[in-house]
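In this note's numbering, the protein residues as written are -4 to 73.
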């Protein structure tokens, strides 16, 4: 099927400090479905605001290489 891309909504405490007054209980902290790594951009920094309770992060990377090989990597980061 077809699914339209939507921008992931995440609080930006730098542009809206009033958000600091509300609890942040998000489970998914960041989602970027359209990153492209290549020889020009071999790495991309990912920045996000943490929620109020997370001490460890589960990082999941999924993708497809230029040759059609599926990529999956999952890691816990403390």
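Backbone N, C-alpha and C define an ideal beta-carbon position, used for all residues, glycine too.
Based on the DSSP output, what are the partners of residue i in its beta bridges?
i: residue 68; result: 56
Would you say residue i and residue j are within 9 Å of each other, going by their C-beta atoms?
i: residue 76; j: residue 53; result: Absent from the model: residue 76. The displayed extent of the chain is -4 to 73, so no value can be given.
i: residue 16; j: residue 50; result: no
i: residue 56; j: residue 68; result: yes
i: residue 45; j: residue 24; result: yes
i: residue 43; j: residue 13; result: no
i: residue 28; j: residue 0; result: yes
i: residue 47; j: residue 11; result: no
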